[in-house]
Amino acid sequence: MTTPGLSAEQLYAACRDLASFIAKARREISSIRPSDLQDNKIPLAGKELDAIVEHTEAATNSIMDNAEVIMGLAGEKAEVTDACMAIFDACAFQDITGQRISKVITTLNTIEERLQGLQKAWGPDLSAIPQEVEDVISGDKALLNGPQLPGQGVSQDEVDDLFN
Amino acid sequence: MAVNKSMDVLIVDDYKTMLRIIGNLLRQLGFENVDEAMDGTEALQKLREKEYGLVISDWNMEQMTGFQLLKEVRSDDNLKSIPFIMVTAESKTENVIAAKQAGVNNYIVKPFNAATLKGKMESVLGAF
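Protein sequence lines, in the order shown, are assigned to chains A and B.
Using my numbering, read the first sequence as starting at -17 and increasing by one per residue.
Using my numbering, read the second sequence as starting at 112 and increasing by one per residue.
Given below as structure tokens:
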């Protein structure tokens, strides 16, 4: 049986084109390596962002600690107090950047969920399709992985030990 | 009438940095009795335990948002007259309108400075 208006040959050609399109789409999707993104890159990006929040929070608290000490030493000197208050005002950046980073993390989570859906829709064999794109980083560029997340790098003491 | 600077002020924010900044600004303005809460739920509990003269709250918080807290406060006969200032990064017009309709006394967009906080407090409490 054929579709009205289409000959058997035309129908066959349409099916072949469709199969070719699907195969190409699978290769394209495979090339973005959804499992790698889902399992490694997106969780790592989330950790990096968490680390940014932690580091900026620690730095902000340190700045405010010292501003408070200066205010205490300044006593009634209005100019010093005003300058310290301006420092406190400026420290509000941490709250704003923290909120922006939270929004980025939410977006990453959404992408992760979509990738999961994509994996399910295309079946478990998606990762078995040969990769067209490989991130082969070699030479000096392979050394550019910092800054490391807390606990992943070596401490200054450990560096010093390597020199002694 | 002079503003009673010995009143209890409750600041609500889920960022400790922000609590510290606002707390310091308030103390510089002469308000020494400053309590803190990390979200609307904790704030509501504190508001029901003690009489506060002013609430300064963030909007975007887990558990209970500042907007929900505002509505809870305005619908509670014992709390509804407490002056309430929203301090938030939510700067869309619809947010400001919604907060105003819910009964907020003033609205400060982050980031802000000491002069802005003082000005908004004076518009709510009177000059000090």
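Where is the CB? At the ideal position from N, CA and C, for every residue including glycine.
Note that the structure is a prediction, hence the values are computed from the model and not measured.
* Per DSSP, what kind of secondary structure is A:S120 in: helix, strand or coil? -> Taking the first sequence and counting its residues from 1, one reaches residue 120 of chain A at position 138. Of the three classes helix, strand and coil, the one that applies to A:S120 here is coil, per DSSP.
* To do: Would you decide whether A:N48 is buried or exposed? Buried here means 16 or more other CB atoms lie within 10 Å of its CB.
  => As a first step, residue 48 of chain A is located in the first sequence; it is residue number 66 there, counting from the start. Exposed, because fewer than 16 other Cβ atoms sit within 10 Å of the Cβ of A:N48.
* In terms of residues, what are the limits of the alpha helix (DSSP H) holding A:A147? -> An answer regarding residue 147 of chain A cannot be provided, because it is not within the stretch -17 to 146 covered by chain A.
* Asked: Of all Cβ atoms in chain A, is any one closer than 9 Å to the Cβ of B:M175?
  -> What you label residue 175 of chain B is simply residue 64 of the second sequence in a count that begins at 1. No, B:M175 lies away from the interface with chain A (no Cβ there is under 9 Å from its Cβ).
* Asked: When DSSP labels each residue in this structure, what does B:S168 get in the three-state scheme?
  -> Here the question's residue 168 of chain B lines up with position 57 in the second sequence. Correct three-state label for B:S168: strand.
* **8 Å Cβ shell around B:A209 - same chain, five flanking residues per side excluded** => Locating residue 209 of chain B in the second sequence gives position 98, counting from the first residue. Cβ neighbours of B:A209 beyond the five flanking positions: F178.
* For my contact list, B:A200 and A:Q81 are in at a C-beta cut-off of 8 Å; report their separation, rounded to the angstrom. => Translated into the one-based positions of the second sequence, residue 200 of chain B becomes position 89. Translated into the one-based positions of the first sequence, residue 81 of chain A becomes position 99. Sure, about 6 Å apart at Cβ, within 8 Å.
* Taking 9 Å as the CB-CB limit, is B:N206 close to chain A? -> Reading the second sequence from its first residue, position 95 is the one you call residue 206 of chain B. Judged by the 9 Å Cβ criterion, B:N206 is not in contact with chain A.
* When Cβ atoms are compared, which residues of the region 195 to 226 of chain B fall closer than 8 Å to chain A? -> Listed by position along the chain: A200, K221, P222, F223, N224, A225.
* Below 9 Å between beta carbons: does that hold for B:L236 and B:V114? -> Within the second sequence, numbered from 1, the residue matching residue 236 of chain B stands at position 125. Within the second sequence, numbered from 1, the residue matching residue 114 of chain B stands at position 3. For the 9 Å CB-CB criterion, B:L236 and B:V114 form a contact.
* Asked: Can a CB atom of chain B be found closer than 9 Å to the CB of A:T88?
  -> Position 106 of the first sequence, counted from the start, is the residue given in the question as residue 88 of chain A. No, its Cβ sits nowhere closer than 9 Å to a Cβ of chain B.
* Asked: Based on Cα-Cα distance, which residue from B:R185, B:R159, B:N189, B:T152 lies nearest to B:N171?
  -> Within the second sequence, residue 171 of chain B is the residue found at index 60, counting from 1. Residue B:T152 is the option with its Cα nearest to B:N171.
* Start-to-end residues for the beta strand (DSSP E) that takes in A:L31 -> What you label residue 31 of chain A is simply residue 49 of the first sequence in a count that begins at 1. That residue, A:L31, is in no beta strand (DSSP E); its alpha helix (DSSP H) goes 24 to 56.
* Segment contact flag, the region 83 to 96 of chain A with the region 180 to 189 of chain B, C-beta cutoff 8 Å, min 3 pairs -> no
* Buried or exposed: where does B:Q212 fall if 16 or more other Cβ atoms within 10 Å of its Cβ makes it buried? -> Numbered from 1 along the second sequence, position 101 holds the residue referred to as residue 212 of chain B. Label assigned to B:Q212: exposed.
* Would you tell me roughly how many angstroms separate the C-alpha atoms of A:G28 and B:S192, rounded to the nearest one? => Here residue 28 of chain A refers to the residue found at position 46 of the first sequence. Here residue 192 of chain B refers to the residue found at position 81 of the second sequence. Going by the C-alpha atoms only, they are around 43 Å apart.
* Asked: Is the CB of A:A161 under 9 Å away from at least one CB in chain B?
  -> The requested residue 161 of chain A is not part of the displayed model; chain A covers only -17 to 146.
* Neighbour-count burial assignment, A:N22, 16 or more Cβ in a 10 Å radius -> Within the first sequence, numbered from 1, the residue matching residue 22 of chain A stands at position 40. Exposed: under 16 other Cβ atoms inside 10 Å.
* **Cβ-based burial, A:V136 [other Cβ within 10 Å; buried from 16]** => Numbered from 1 along the first sequence, position 154 holds the residue referred to as residue 136 of chain A. Result: exposed.
* Asked: For B:E173, does the three-state DSSP call read helix, strand or coil?
  -> Sequence index remark: in the second sequence, residue 173 of chain B carries index 62 (1-based). DSSP places B:E173 in coil when its eight states are reduced to three.
* The beta strand (DSSP E) spanning B:E147 covers which residue range? -> Mapped onto the second sequence, residue 147 of chain B falls at position 36. Per DSSP, B:E147 belongs to the beta strand (DSSP E) from 145 to 148.
* To do: Could you list which residues in chain A have their beta carbon closer than 8 Å to that of B:N135, in chain order?
  => Reading the second sequence from its first residue, position 24 is the one you call residue 135 of chain B. Simply M46, E50, M67, F70.
* **Limits of the unbroken beta strand (DSSP E) element including B:I219** => Within the second sequence, the letter at position 108 stands for residue 219 of chain B. Start and end: 217 to 220.
* So what's B:V123 in DSSP terms, helix, strand or just coil? -> Within the second sequence, residue 123 of chain B is the residue found at index 12, counting from 1. Correct three-state label for B:V123: strand.
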